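*Asks:* Could you have a look at this structure, given as structure tokens, before my questions?
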Amino acid sequence: MRVAVIGAGPAGAHLAYLLGKEGAEVLLFDARDAWEKPCGGGVTTKAMREFPFLAASDAPKQMVSSLRLTTGAGRSLRLRPRGDFAVYSRAALGRSMRQRAVDAGARLHSTRVGKTRYGNSGWEIETAAGIYTADFLVGADGASSVIRRRMGVHFGLNDFSYALGWHVKPRENGYETRNPHEPAAGHGQVDIKYLPDFTGYLWAFPRTDHLSYGIATKYRETTPADLKARLLDFIALSDSLTAEEIRTADHHTTRRAAFYGAMIPALETATWDGLKVAGRSWALIGDAAGFVDPLTGEGIYYAIKSAELLADALKTDIEEYDDRWRAEFGAELRRASQLQQRFYRSQFAGAPLVERMVQFARWHGGVRRTLRDLIAGEQGYVDLKGTLKRRIWAVV
Ligand SMILES: Cc1cc2nc3c(=O)[nH]c(=O)nc-3n(C[C@H](O)[C@H](O)[C@H](O)COP(=O)(O)OP(=O)(O)OC[C@H]3O[C@@H](n4cnc5c(N)ncnc54)[C@H](O)[C@@H]3O)c2cc1C
0 MRVAVIGAGP AGAHLAYLLG KEGAEVLLFD ARDAWEKPCG GGVTTKAMRE FPFLAASDAP
60 KQMVSSLRLT TGAGRSLRLR PRGDFAVYSR AALGRSMRQR AVDAGARLHS TRVGKTRYGN
120 SGWEIETAAG IYTADFLVGA DGASSVIRRR MGVHFGLNDF SYALGWHVKP RENGYETRNP
180 HEPAAGHGQV DIKYLPDFTG YLWAFPRTDH LSYGIATKYR ETTPADLKAR LLDFIALSDS
240 LTAEEIRTAD HHTTRRAAFY GAMIPALETA TWDGLKVAGR SWALIGDAAG FVDPLTGEGI
300 YYAIKSAELL ADALKTDIEE YDDRWRAEFG AELRRASQLQ QRFYRSQFAG APLVERMVQF
360 ARWHGGVRRT LRDLIAGEQG YVDLKGTLKR RIWAVV
């Protein structure tokens, strides 16, 4: 069988590797060379454990030594990951995963896919470099997937978050830090900040050669100008010179700070309920299928996992793919979409829930462990309430 995979991000590259290894003929298309895709690049403990090839890859990674959560009222909580938690440069990870696919026999075409047609002899795939044919078509073309629309799978604007930020290179003398007793930014500390009345969060992720700053919220909850202003205030807390440099630069782009903005799938509960991402001759994986945690924006794990599930289904029966992703992580992601508003917007005992949660976790070891595991991907949403109840009563 000849399979055309459109998009060579983590989802497409991993699928191409798996199918190539099994001897399938794989055409892997991407419009760009491996690139610094807008992304925190955070790979959770769960992903590192389930996909050992990530740790073994030659892509440089920054291991996370601590996660600091800060609330709108300024309370902070430091968590130490229990297992490996890494931050990758997406360009480096992309190069490594694509090479792995090519080594397994996939043919990588650096060209944008335009129209696709299905006829008596299978798929015809139009690209600037010519027309290719395939028996099976996979849309791994990210959040704004054209293949998804071609297959009639519809996401509304409410099914997305919007994120923007800057990748910032260090100055000659390194990053500025506010407090000499804190680990310097860029040395393994992930910073996450919640804001009152805001469906999302801000982050500073350390990478091996730069810091990735970002802010994400429900699409159209506010304006990009407001998001930029909030993020610059956050950057200024630890690195006022960089914040000032960006504020005064034309179009907010400087020699050291590269701006990005992007959509992230964050499907509503009703969309999860009706979602079907495969037919007899096609399937969607990763962001193209909407497989991102609506609460955290984590998508790399689901991109790789969905590639595995599809590769398995292609060996047995493609009809099983929709059942498999639903059983494997669909219920979790659906639950995350239900919790999104509650987590970020609801009040508990007179304060935002996030505020209370951090406050509680500061003095309760069981809640702290649960929060740490949740962020590391080791604690699910479906059984979150049960775990919390058990741990709270175990200690009291
Ligand atoms: C700001 C931001 C921060 C994020 N932070 C994190 C994080 O810290 N951790 C995490 O796990 N997830 C994060 N995510 C989500 C993560 O980036 C995605 O879930 C992940 O990249 C999905 O992988 P993918 O392979 O499905 O799609 P992508 O990585 O988007 O890859 C799709 C590929 O398809 C190619 N393509 C698109 N259209 C065409 C076409 N017509 N022809 C040929 N090629 C095409 C693109 O060039 C691209 O390379 C973040 C997302 C954003 C926007």
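As numbered in numbering that gives the first Met the number 0, the sequence shown has no gaps in its residue numbers, which increase by one up to the final residue, 395.
We put the CB at the ideal spot given by N, CA and C, even for glycine.
Bear in mind the structure is a predicted one, so any value in this text is a computation, not a measurement.
#1: Return the residue from the list Pro51, Ala100, Gly329 that minimises the CA-CA distance to Gly273.
#2: Which value, in whole angstroms, describes the spacing of the CA atoms of Tyr301 and Pro169?
#3: Could you tell me the distance, in whole angstroms, from the CA atom of Ile303 to the CA atom of Ser143?
#4: Mind checking whether Ala348 and Arg355 have CB atoms under 8 Å apart?
#5: Cα separation between Glu327 and Thr253?
#6: Using 8 Å as the threshold, is the region 146-156 in touch with the region 11-27, meaning 3 or more CB pairs across them?
#7: Going straight from the alpha carbon of Asp292 to that of Leu332, what length do you get?
#8: Pull up the CB-CB distance for Ala203 and Tyr161, whole angstroms please, since I reckon it's below 8 Å.
#9: For the beta strand (DSSP E) that contains Ala91, what are its first and last residues?
#10: Regarding Glu297 and ligand 1, is the C-beta to nearest heavy atom distance less than 7 Å?
#11: If you draw a straight line from the C-alpha of Gly141 to the C-alpha of Trp392, how long is it?
#12: Check each candidate in Arg344, Leu226, Ala310 and name the one with the smallest Cα separation from Val2.
#13: Taking 7 Å as the cut-off, is the beta-carbon of Pro293 closer than that to any non-hydrogen atom of ligand 1?
#14: Check each candidate in Phe52, Pro80, Trp324, Gly40 and name the one with the smallest Cα separation from Asp372.
#15: Taking the Cβ atom as the reference point for each residue, do Ala100 and Gly22 lie within a distance shorter than 8 Å?
#16: Would you give the residue range spanned by the beta strand (DSSP E) that Pro205 belongs to?
#17: What's the call for Val412, buried or exposed, on a 16-neighbour Cβ count within 10 Å?
#18: How far does the beta strand (DSSP E) with Gly164 in it extend, from its first residue to its last?
#19: Comparing the CB of Tyr300 with every heavy atom of ligand 1, is any distance shorter than 7 Å?
#20: Give the single residue among Arg74, Leu53, Val4, Arg77 whose Cα lies nearest to the Cα of Val112.
#21: Taking 8 Å as the cut-off, decide whether the C-beta atoms of Glu267 and Asn157 are in contact.
#22: Answer with buried or exposed for Leu236, where buried requires no fewer than 16 other C-beta atoms within 10 angstroms of its C-beta.
#23: Alpha carbon to alpha carbon, how far is Arg361 from Lys192?
#24: Quick one: give me the first and last residue of the alpha helix (DSSP H) that Thr342 is part of.
#25: Could you tell me if the beta carbon of Ala242 falls within a distance shorter than 7 Å of some heavy atom in ligand 1?
#26: Apply the 10 Å Cβ neighbour rule to Lys314 and answer buried if 16 or more other Cβ atoms are within range, or exposed otherwise.
#27: Compare the Cα-Cα distances from Thr70 to each of Pro351, Val167, Thr369 and report the closest residue.
#28: Give me, in chain order, the residues of the same chain whose beta-carbon lies closer than 7 Å to that of Ala312; leave out the 5 immediate sequence neighbours on both sides.
#29: Would Phe137 and Ile284 qualify as a contact pair, given that the criterion is a beta-carbon distance under 8 Å?
#30: Quick check: does the Cβ of Pro223 come within less than 7 Å of any heavy atom belonging to ligand 2?
#31: Are the CB atoms of Arg74 and Val357 within a distance shorter than 8 Å?
#32: From His186, Gly121, Tyr87, pick the residue whose C-alpha is nearest to that of Ser65; which is it?
#33: From Ala55 to Gln346, what distance separates their C-alpha atoms?
#34: Return helix, strand or coil for Glu123, following the three-state DSSP convention.
#35: Express the C-alpha separation of Val189 and Pro182 in angstroms, rounding to a whole number.
#36: Going along the chain, which residues of its own chain have a beta-carbon closer than 8 Å to the beta-carbon of Trp34, five neighbours each way excluded?
*Replies:* Taking the coordinates as given:
#1: Gly329
#2: 31 Å
#3: 18 Å
#4: yes
#5: 43 Å
#6: no
#7: 6 Å
#8: Not a contact, Cβ separation roughly 19 Å.
#9: Careful: Ala91 lies outside any beta strand (DSSP E), inside the alpha helix (DSSP H) at 89-102.
#10: yes
#11: 43 Å
#12: Ala310
#13: no
#14: Pro80
#15: no
#16: 199-205
#17: This structure gives no information on residue 412, because the portion of the chain shown stretches from 0 to 395.
#18: 159-167
#19: yes
#20: Val4
#21: yes
#22: exposed
#23: 16 Å
#24: In the sequence as presented, Thr is not what sits at residue 342; that position holds Phe. Phe342 -> alpha helix (DSSP H) spans 330-344.
#25: no
#26: exposed
#27: Pro351
#28: Glu319, Tyr320, Arg323
#29: Per the sequence shown, residue 137 should be read as Val rather than Phe. Cβ atoms of Val137 and Ile284: closer than 8 Å.
#30: Ligands displayed in this structure: ligand 1; ligand 2 is not among them.
#31: yes
#32: His186
#33: 43 Å
#34: strand
#35: Model confidence at Pro182 stands at a pLDDT of 44, short of 50, so the residue's coordinates are unreliable; what they give is reported in the following sentence. Answer to the nearest angstrom: the Cα atoms are 10 Å apart.
#36: Arg89, Ala90, Gly93
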